[in-house]
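This report concerns only the one structure given below.
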Amino acid sequence: MTNTTYTHPDVHGYYGQFGGAYIPEMLHRNVEELRTRYLEIMEEPAFQQAFHDLLRDYVGRPTPLFYAARLSAQYKTNIWLKREDLCHTGAHKINNTIGQILLAQRLGKKRIIAETGAGQHGVATATVCALKGLECIVYMGEKDIERQAPNVARMRMLGAKVVPARSGSKTLKDATNEAIRDWINHPENTHYIIGSVVGPHPYPDMVARFQSVISAEMKDQLKEKTGNALPSHVIACVGGGSNAAGAFYHFLDEPTVQLVAVEAAGHGVNSGMSAATTALGTPGILHGSKSLLMQTADGQVVEPHSISAGLDYPGIGPLHANLFTSGRGVFLSVTDEDALKAALHVSKTEGIIPALETAHAFAALDQMTSNENDQIIICLSGRGDKDLATYMRELNLDQA
0 MTNTTYTHPD VHGYYGQFGG AYIPEMLHRN VEELRTRYLE IMEEPAFQQA FHDLLRDYVG
60 RPTPLFYAAR LSAQYKTNIW LKREDLCHTG AHKINNTIGQ ILLAQRLGKK RIIAETGAGQ
120 HGVATATVCA LKGLECIVYM GEKDIERQAP NVARMRMLGA KVVPARSGSK TLKDATNEAI
180 RDWINHPENT HYIIGSVVGP HPYPDMVARF QSVISAEMKD QLKEKTGNAL PSHVIACVGG
240 GSNAAGAFYH FLDEPTVQLV AVEAAGHGVN SGMSAATTAL GTPGILHGSK SLLMQTADGQ
300 VVEPHSISAG LDYPGIGPLH ANLFTSGRGV FLSVTDEDAL KAALHVSKTE GIIPALETAH
360 AFAALDQMTS NENDQIIICL SGRGDKDLAT YMRELNLDQA
(Lines of atoms letter the chains of each structure in order from A and count residues from 1; the text may use other names and numbers.)
(Lines give C-alpha, C1' and ligand atoms only; values in the text may rest on other atoms or scores of the structure.)
Protein backbone atom coordinates (compact mmCIF):
# COMPACT_ATOMS: atom_id res chain seq x y z
CA MET A 1 0.00 0.00 0.00
CA THR A 2 1.29 3.45 -0.87
CA ASN A 3 -0.12 6.72 0.31
CA THR A 4 -2.24 8.64 -2.19
CA THR A 5 -2.07 11.82 -0.18
CA TYR A 6 0.81 14.06 0.90
CA THR A 7 -0.81 14.41 4.31
CA HIS A 8 -0.63 10.91 5.77
CA PRO A 9 1.97 8.15 5.56
CA ASP A 10 1.06 4.64 4.47
CA VAL A 11 0.45 1.84 6.97
CA HIS A 12 4.20 1.30 7.35
CA GLY A 13 4.85 4.96 8.06
CA TYR A 14 6.22 5.97 4.65
CA TYR A 15 5.64 9.21 2.79
CA GLY A 16 6.58 8.02 -0.67
CA GLN A 17 10.02 6.45 -0.24
CA PHE A 18 10.73 8.16 3.11
CA GLY A 19 9.78 7.23 6.66
CA GLY A 20 9.49 3.89 8.40
CA ALA A 21 10.86 2.84 11.79
CA TYR A 22 14.53 1.88 11.89
CA ILE A 23 15.08 1.19 15.57
CA PRO A 24 17.11 -1.05 17.87
CA GLU A 25 15.31 -4.10 19.18
CA MET A 26 15.22 -2.65 22.70
CA LEU A 27 12.98 0.18 21.49
CA HIS A 28 10.61 -2.04 19.53
CA ARG A 29 8.06 -2.39 22.32
CA ASN A 30 7.92 1.35 23.00
CA VAL A 31 7.52 2.30 19.36
CA GLU A 32 5.01 -0.47 18.70
CA GLU A 33 2.92 0.66 21.66
CA LEU A 34 2.80 4.15 20.18
CA ARG A 35 2.18 2.94 16.64
CA THR A 36 -0.73 0.71 17.58
CA ARG A 37 -2.39 3.16 19.96
CA TYR A 38 -1.67 6.77 18.96
CA LEU A 39 -4.53 7.19 16.48
CA GLU A 40 -7.02 5.40 18.70
CA ILE A 41 -6.14 7.62 21.65
CA MET A 42 -5.93 10.84 19.64
CA GLU A 43 -9.34 10.27 18.08
CA GLU A 44 -11.13 9.74 21.39
CA PRO A 45 -13.58 12.62 21.98
CA ALA A 46 -12.33 13.01 25.56
CA PHE A 47 -8.73 13.32 24.35
CA GLN A 48 -9.67 15.88 21.71
CA GLN A 49 -11.66 17.85 24.27
CA ALA A 50 -8.74 17.92 26.73
CA PHE A 51 -6.29 18.83 23.95
CA HIS A 52 -8.34 21.71 22.57
CA ASP A 53 -9.29 22.98 26.02
CA LEU A 54 -5.60 23.31 26.90
CA LEU A 55 -4.78 24.88 23.53
CA ARG A 56 -7.43 27.51 24.19
CA ASP A 57 -7.06 28.15 27.92
CA TYR A 58 -3.36 27.43 28.49
CA VAL A 59 -1.58 28.00 25.18
CA GLY A 60 -3.76 30.93 24.11
CA ARG A 61 -5.07 29.64 20.78
CA PRO A 62 -6.16 30.58 18.24
CA THR A 63 -3.09 32.67 17.47
CA PRO A 64 -3.81 35.73 15.31
CA LEU A 65 -3.36 35.95 11.56
CA PHE A 66 -1.88 39.42 11.26
CA TYR A 67 -1.74 41.49 8.07
CA ALA A 68 1.79 42.90 7.77
CA ALA A 69 0.88 46.15 6.06
CA ARG A 70 4.35 47.68 5.75
CA LEU A 71 5.98 44.48 4.50
CA SER A 72 3.08 44.02 2.08
CA ALA A 73 3.61 47.52 0.70
CA GLN A 74 7.34 46.92 0.32
CA TYR A 75 6.91 43.66 -1.61
CA LYS A 76 3.78 44.86 -3.45
CA THR A 77 1.72 41.87 -2.35
CA ASN A 78 -0.31 40.71 0.65
CA ILE A 79 1.69 39.23 3.51
CA TRP A 80 0.06 37.64 6.54
CA LEU A 81 1.86 36.46 9.66
CA LYS A 82 0.59 33.45 11.59
CA ARG A 83 1.60 34.54 15.08
CA GLU A 84 2.87 31.34 16.69
CA ASP A 85 5.28 33.57 18.60
CA LEU A 86 2.29 34.55 20.75
CA CYS A 87 1.76 31.01 22.03
CA HIS A 88 2.55 30.36 25.69
CA THR A 89 6.33 29.73 25.88
CA GLY A 90 6.89 31.79 22.72
CA ALA A 91 6.73 29.26 19.88
CA HIS A 92 4.67 26.61 18.12
CA LYS A 93 6.42 23.80 20.02
CA ILE A 94 3.84 23.88 22.84
CA ASN A 95 1.11 22.57 20.48
CA ASN A 96 2.92 19.26 20.15
CA THR A 97 4.03 18.92 23.77
CA ILE A 98 0.47 19.45 25.00
CA GLY A 99 -0.69 16.63 22.75
CA GLN A 100 2.15 14.29 23.63
CA ILE A 101 1.91 14.82 27.39
CA LEU A 102 -1.77 13.86 27.26
CA LEU A 103 -0.82 10.81 25.19
CA ALA A 104 1.94 9.87 27.65
CA GLN A 105 -0.53 10.02 30.52
CA ARG A 106 -2.93 7.71 28.66
CA LEU A 107 -0.03 5.27 28.24
CA GLY A 108 0.84 5.43 31.94
CA LYS A 109 4.29 7.01 31.51
CA LYS A 110 5.66 8.95 34.49
CA ARG A 111 9.03 10.09 33.12
CA ILE A 112 9.44 12.39 30.11
CA ILE A 113 12.55 12.96 28.02
CA ALA A 114 13.10 15.35 25.13
CA GLU A 115 15.78 16.76 22.86
CA THR A 116 16.09 20.44 22.00
CA GLY A 117 18.17 22.71 19.79
CA ALA A 118 16.95 26.27 20.07
CA GLY A 119 15.50 25.40 23.46
CA GLN A 120 11.88 26.15 22.57
CA HIS A 121 10.90 22.48 22.48
CA GLY A 122 12.76 21.92 25.72
CA VAL A 123 10.93 24.81 27.36
CA ALA A 124 7.59 23.58 26.01
CA THR A 125 8.29 20.05 27.31
CA ALA A 126 9.39 21.35 30.72
CA THR A 127 6.26 23.50 30.82
CA VAL A 128 3.80 20.67 30.24
CA CYS A 129 5.69 18.38 32.63
CA ALA A 130 5.36 21.03 35.33
CA LEU A 131 1.67 21.38 34.47
CA LYS A 132 1.12 17.64 34.84
CA GLY A 133 3.61 16.94 37.63
CA LEU A 134 5.87 14.59 35.64
CA GLU A 135 9.65 14.16 35.77
CA CYS A 136 11.39 15.92 32.88
CA ILE A 137 14.87 15.41 31.41
CA VAL A 138 15.94 17.52 28.42
CA TYR A 139 19.00 16.74 26.32
CA MET A 140 20.65 19.73 24.68
CA GLY A 141 23.92 20.19 22.82
CA GLU A 142 26.62 21.88 24.86
CA LYS A 143 27.02 24.48 22.09
CA ASP A 144 23.29 25.20 22.14
CA ILE A 145 23.27 25.50 25.93
CA GLU A 146 25.74 28.37 25.55
CA ARG A 147 23.92 30.19 22.75
CA GLN A 148 20.41 29.66 24.13
CA ALA A 149 21.07 30.50 27.79
CA PRO A 150 17.68 32.18 28.45
CA ASN A 151 15.82 29.01 27.47
CA VAL A 152 18.11 26.85 29.59
CA ALA A 153 17.28 29.05 32.58
CA ARG A 154 13.57 28.74 31.83
CA MET A 155 13.75 24.94 31.65
CA ARG A 156 15.56 24.74 34.98
CA MET A 157 13.11 27.12 36.63
CA LEU A 158 10.29 24.89 35.41
CA GLY A 159 11.92 21.94 37.17
CA ALA A 160 13.55 20.15 34.23
CA LYS A 161 16.99 18.58 34.34
CA VAL A 162 19.04 19.84 31.38
CA VAL A 163 21.68 17.32 30.30
CA PRO A 164 24.45 18.55 27.95
CA ALA A 165 25.38 16.50 24.88
CA ARG A 166 29.15 16.77 24.49
CA SER A 167 29.73 14.56 21.44
CA GLY A 168 30.00 15.49 17.75
CA SER A 169 29.05 19.06 16.97
CA LYS A 170 27.39 19.40 20.40
CA THR A 171 24.13 20.50 18.76
CA LEU A 172 20.65 19.13 18.01
CA LYS A 173 21.75 15.91 16.29
CA ASP A 174 23.85 14.96 19.29
CA ALA A 175 21.11 15.85 21.77
CA THR A 176 18.78 13.55 19.82
CA ASN A 177 21.34 10.74 19.98
CA GLU A 178 21.55 11.10 23.77
CA ALA A 179 17.77 11.14 24.18
CA ILE A 180 17.44 7.93 22.16
CA ARG A 181 20.10 6.26 24.34
CA ASP A 182 18.15 7.29 27.45
CA TRP A 183 14.94 5.82 26.02
CA ILE A 184 16.71 2.53 25.31
CA ASN A 185 17.87 2.40 28.93
CA HIS A 186 14.47 3.30 30.42
CA PRO A 187 11.84 1.61 28.23
CA GLU A 188 9.29 0.84 30.95
CA ASN A 189 8.27 4.21 32.37
CA THR A 190 9.56 6.78 29.87
CA HIS A 191 7.93 8.62 26.99
CA TYR A 192 10.16 10.44 24.53
CA ILE A 193 8.55 13.68 23.33
CA ILE A 194 10.23 14.24 19.98
CA GLY A 195 9.94 17.89 19.02
CA SER A 196 9.88 17.70 15.25
CA VAL A 197 8.48 15.60 12.40
CA VAL A 198 11.47 13.27 12.58
CA GLY A 199 12.19 9.94 14.21
CA PRO A 200 10.61 6.52 13.73
CA HIS A 201 6.97 6.12 12.70
CA PRO A 202 4.57 7.17 14.20
CA TYR A 203 6.38 10.33 15.37
CA PRO A 204 6.41 12.27 12.06
CA ASP A 205 2.68 11.70 11.60
CA MET A 206 1.82 12.23 15.27
CA VAL A 207 3.73 15.53 15.54
CA ALA A 208 2.30 16.77 12.23
CA ARG A 209 -1.24 16.03 13.44
CA PHE A 210 -0.71 17.92 16.71
CA GLN A 211 0.82 20.88 14.84
CA SER A 212 -1.89 20.87 12.16
CA VAL A 213 -3.93 23.19 14.35
CA ILE A 214 -1.79 25.95 12.80
CA SER A 215 -3.06 25.49 9.24
CA ALA A 216 -6.59 24.66 10.40
CA GLU A 217 -6.73 28.12 11.99
CA MET A 218 -5.06 29.72 8.97
CA LYS A 219 -7.85 28.53 6.67
CA ASP A 220 -10.64 29.80 8.89
CA GLN A 221 -8.89 33.11 9.56
CA LEU A 222 -7.96 33.83 5.96
CA LYS A 223 -11.48 33.05 4.80
CA GLU A 224 -12.88 35.42 7.42
CA LYS A 225 -10.50 38.19 6.32
CA THR A 226 -10.46 37.71 2.54
CA GLY A 227 -13.37 35.43 1.66
CA ASN A 228 -11.01 32.69 0.47
CA ALA A 229 -9.60 29.97 2.73
CA LEU A 230 -6.69 29.17 0.40
CA PRO A 231 -3.61 31.40 0.31
CA SER A 232 -1.36 31.56 -2.75
CA HIS A 233 1.75 30.69 -0.72
CA VAL A 234 2.62 29.38 2.73
CA ILE A 235 6.21 29.98 3.85
CA ALA A 236 7.88 28.30 6.82
CA CYS A 237 11.43 27.61 7.97
CA VAL A 238 12.52 23.97 8.09
CA GLY A 239 15.06 22.17 10.23
CA GLY A 240 13.39 18.90 11.11
CA GLY A 241 10.23 20.70 10.07
CA SER A 242 7.47 20.72 12.70
CA ASN A 243 6.25 24.31 12.24
CA ALA A 244 6.31 23.82 8.47
CA ALA A 245 4.40 20.54 8.78
CA GLY A 246 1.76 22.30 10.88
CA ALA A 247 1.57 25.29 8.54
CA PHE A 248 1.40 23.14 5.39
CA TYR A 249 -0.79 20.31 6.71
CA HIS A 250 -4.28 21.37 5.58
CA PHE A 251 -2.90 22.66 2.27
CA LEU A 252 -0.80 19.62 1.33
CA ASP A 253 -3.45 18.25 -1.00
CA GLU A 254 -4.45 21.70 -2.33
CA PRO A 255 -2.28 22.07 -5.46
CA THR A 256 -3.09 25.77 -5.93
CA VAL A 257 -1.26 26.59 -2.68
CA GLN A 258 2.50 26.87 -3.15
CA LEU A 259 4.36 25.47 -0.14
CA VAL A 260 7.70 27.17 0.45
CA ALA A 261 10.12 25.53 2.89
CA VAL A 262 13.20 27.53 3.87
CA GLU A 263 16.36 25.81 5.05
CA ALA A 264 19.50 27.24 6.61
CA ALA A 265 22.34 27.78 4.12
CA GLY A 266 24.70 28.78 6.93
CA HIS A 267 27.80 30.37 5.39
CA GLY A 268 26.57 29.27 1.94
CA VAL A 269 25.20 26.03 0.54
CA ASN A 270 28.60 24.96 -0.82
CA SER A 271 30.71 26.48 1.94
CA GLY A 272 31.09 23.29 3.97
CA MET A 273 29.22 25.06 6.79
CA SER A 274 25.54 24.67 5.92
CA ALA A 275 22.35 22.89 6.98
CA ALA A 276 20.60 22.96 3.59
CA THR A 277 19.60 19.31 3.63
CA THR A 278 17.61 19.15 0.39
CA ALA A 279 20.44 20.84 -1.54
CA LEU A 280 23.17 18.68 -0.04
CA GLY A 281 21.49 15.53 1.25
CA THR A 282 20.99 12.01 -0.05
CA PRO A 283 18.64 9.24 1.14
CA GLY A 284 19.72 7.52 4.33
CA ILE A 285 18.75 6.57 7.86
CA LEU A 286 18.90 9.13 10.67
CA HIS A 287 17.28 8.96 14.10
CA GLY A 288 14.97 6.10 13.25
CA SER A 289 13.61 6.94 9.81
CA LYS A 290 14.66 7.00 6.17
CA SER A 291 14.90 10.51 4.86
CA LEU A 292 17.29 12.95 3.24
CA LEU A 293 20.39 13.73 5.26
CA MET A 294 23.78 15.30 4.81
CA GLN A 295 26.28 12.44 4.71
CA THR A 296 29.60 11.38 3.24
CA ALA A 297 29.91 8.81 0.45
CA ASP A 298 30.39 6.08 3.07
CA GLY A 299 27.33 7.14 5.09
CA GLN A 300 28.88 9.23 7.87
CA VAL A 301 26.70 12.16 8.94
CA VAL A 302 28.12 15.53 7.94
CA GLU A 303 28.08 18.11 10.72
CA PRO A 304 25.66 20.93 9.86
CA HIS A 305 26.03 24.63 10.56
CA SER A 306 23.48 27.35 11.11
CA ILE A 307 23.52 30.44 13.26
CA SER A 308 20.04 29.29 14.24
CA ALA A 309 20.11 26.43 16.76
CA GLY A 310 16.70 25.16 15.69
CA LEU A 311 17.79 24.71 12.06
CA ASP A 312 21.24 23.29 12.87
CA TYR A 313 20.30 19.72 11.92
CA PRO A 314 21.75 17.47 9.18
CA GLY A 315 18.43 15.94 8.12
CA ILE A 316 14.82 16.72 7.37
CA GLY A 317 11.57 14.97 8.28
CA PRO A 318 10.30 12.31 5.85
CA LEU A 319 7.12 14.27 5.11
CA HIS A 320 9.28 17.15 3.84
CA ALA A 321 11.70 14.85 2.00
CA ASN A 322 8.68 13.56 0.08
CA LEU A 323 7.47 17.09 -0.66
CA PHE A 324 10.91 17.94 -2.02
CA THR A 325 11.50 14.87 -4.18
CA SER A 326 7.94 14.90 -5.54
CA GLY A 327 8.11 18.59 -6.38
CA ARG A 328 5.07 19.42 -4.23
CA GLY A 329 7.12 21.78 -2.08
CA VAL A 330 9.53 24.53 -3.10
CA PHE A 331 12.71 24.42 -1.01
CA LEU A 332 14.87 27.52 -0.66
CA SER A 333 17.92 28.20 1.49
CA VAL A 334 18.97 31.36 3.32
CA THR A 335 22.38 32.27 4.71
CA ASP A 336 23.14 33.33 8.27
CA GLU A 337 23.85 36.85 7.02
CA ASP A 338 20.57 37.21 5.16
CA ALA A 339 18.58 35.78 8.09
CA LEU A 340 20.14 38.35 10.41
CA LYS A 341 19.30 41.17 8.00
CA ALA A 342 15.72 39.93 7.69
CA ALA A 343 15.30 39.73 11.46
CA LEU A 344 16.39 43.34 11.88
CA HIS A 345 14.21 44.49 9.00
CA VAL A 346 11.06 42.77 10.30
CA SER A 347 11.71 44.13 13.78
CA LYS A 348 11.94 47.70 12.50
CA THR A 349 9.14 47.34 9.93
CA GLU A 350 6.44 45.46 11.83
CA GLY A 351 7.48 45.81 15.47
CA ILE A 352 7.96 42.05 15.83
CA ILE A 353 11.33 40.54 16.80
CA PRO A 354 11.32 37.05 15.24
CA ALA A 355 13.28 34.01 16.28
CA LEU A 356 16.36 33.38 14.17
CA GLU A 357 14.66 30.31 12.74
CA THR A 358 11.69 32.35 11.53
CA ALA A 359 14.00 35.06 10.17
CA HIS A 360 15.04 32.58 7.48
CA ALA A 361 11.42 32.40 6.30
CA PHE A 362 11.22 36.19 6.05
CA ALA A 363 14.49 36.35 4.09
CA ALA A 364 13.02 33.99 1.49
CA LEU A 365 10.70 36.79 0.33
CA ASP A 366 13.68 38.25 -1.54
CA GLN A 367 14.04 35.03 -3.55
CA MET A 368 10.39 34.84 -4.57
CA THR A 369 8.24 36.50 -7.20
CA SER A 370 4.74 37.57 -6.26
CA ASN A 371 2.00 39.87 -7.46
CA GLU A 372 -0.49 42.25 -5.89
CA ASN A 373 -3.24 39.64 -5.76
CA ASP A 374 -1.24 36.97 -3.93
CA GLN A 375 -2.05 36.12 -0.34
CA ILE A 376 1.17 34.95 1.32
CA ILE A 377 1.17 33.49 4.82
CA ILE A 378 4.44 33.26 6.76
CA CYS A 379 4.45 31.02 9.80
CA LEU A 380 6.05 33.21 12.45
CA SER A 381 7.13 30.17 14.42
CA GLY A 382 8.76 31.82 17.42
CA ARG A 383 9.74 35.04 19.10
CA GLY A 384 13.28 36.35 19.22
CA ASP A 385 13.88 36.82 22.95
CA LYS A 386 16.06 33.71 23.06
CA ASP A 387 18.26 35.07 20.26
CA LEU A 388 18.88 38.57 21.59
CA ALA A 389 22.48 37.81 22.59
CA THR A 390 23.20 36.64 19.04
CA TYR A 391 21.42 39.63 17.55
CA MET A 392 23.33 42.02 19.80
CA ARG A 393 26.66 40.47 18.86
CA GLU A 394 26.09 39.96 15.13
CA LEU A 395 24.17 43.17 14.44
CA ASN A 396 26.28 45.38 16.76
CA LEU A 397 23.19 46.36 18.71
CA ASP A 398 25.27 47.09 21.80
CA GLN A 399 26.91 50.01 19.99
CA ALA A 400 25.69 53.47 20.95
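Heads up: the sequence shown begins at 0 in numbering that gives the first Met the number 0, then just goes up one per residue.
Every residue, glycine too, gets a C-beta built ideally from N, C-alpha and C.
Remember, it's a predicted structure, so these values are computed and weren't measured experimentally.
1) Could you tell me the distance, in whole angstroms, from the CA atom of asparagine 2 to the CA atom of leucine 387?
2) Is the segment 356-372 in contact with the segment 199-208, if contact means three or more CB pairs nearer than 8 Å?
3) Using 8 Å as the threshold, is the C-beta distance between leucine 279 and leucine 322 below it?
4) Buried or exposed for asparagine 150, please, with buried defined as at least 16 other CB atoms from any protein chain shown within 10 angstroms of its CB.
5) Tell me, to the nearest whole angstrom, how far the beta carbon of serine 195 is from that of glycine 238; I am working on the premise that it is less than 8 Å.
6) Is there contact here, the segment 112-120 with the segment 339-352, by at least three beta-carbon pairs under 8 Å?
7) Cutting at 7 Å between CB atoms, please list the residues of its own chain near glycine 18, excluding the five before and the five after it.
8) By Cβ distance, which residues of its chain are closer than 6 Å to leucine 85, with the 5 residues on each side in sequence left out?
9) Any idea what DSSP makes of tyrosine 138, helix, strand or coil?
10) Lysine 108 by DSSP, collapsed to three states: which one?
11) Relative to the C-alpha of aspartate 173, which residue among Lys92, Val333, Gly314 is closest?
12) Note down the Cα distance separating glutamate 336 from arginine 28, rounded to an integer number of angstroms.
13) With DSSP run on the structure shown, which of helix, strand or coil describes asparagine 77?
14) Only counting the same chain, and skipping five residues up and downstream in sequence, which positions put a Cβ closer than 6 Å to that of histidine 286?
15) Would you tell me roughly how many angstroms separate the C-alpha atoms of serine 71 and glutamine 299, rounded to the nearest one?
16) Among Ile377, Val127, Ile234, Gly107, which one has its Cα closest to the Cα of asparagine 94?
17) On the DSSP bridge list, what partners appear for glutamine 294?
18) Could you tell me if alanine 235 is buried or exposed, where buried requires 16 or more neighbouring beta carbons within 10 angstroms of its beta carbon?
19) For methionine 214, count neighbouring C-beta atoms within 10 Å of its own C-beta (all shown protein chains included) and say buried if the count is 16 or more, exposed if not.
20) Which of the three DSSP states is assigned to histidine 87 in this structure?
21) Between the alpha carbons of glutamate 177 and alanine 164, how many angstroms are there, rounded?
If we stick to the structure as given:
1) Note that asparagine 2 scores 49 on pLDDT, short of 50, meaning its location in the model is unreliable and no value can be drawn from it.
2) no
3) no
4) buried
5) 7 Å
6) no
7) Pro8, Gly12, His200, Pro203, Ser288, Lys289, Pro317
8) Thr62
9) strand
10) coil
11) Gly314
12) 45 Å
13) strand
14) Thr175, Val197, Gly198
15) 44 Å
16) Val127
17) Val300
18) buried
19) The amino acid occupying residue 214 in the given sequence is serine; methionine does not appear at that position. The residue in question, serine 214, is buried, as its Cβ has 16 or more Cβ neighbours within 10 Å.
20) coil
21) 7 Å
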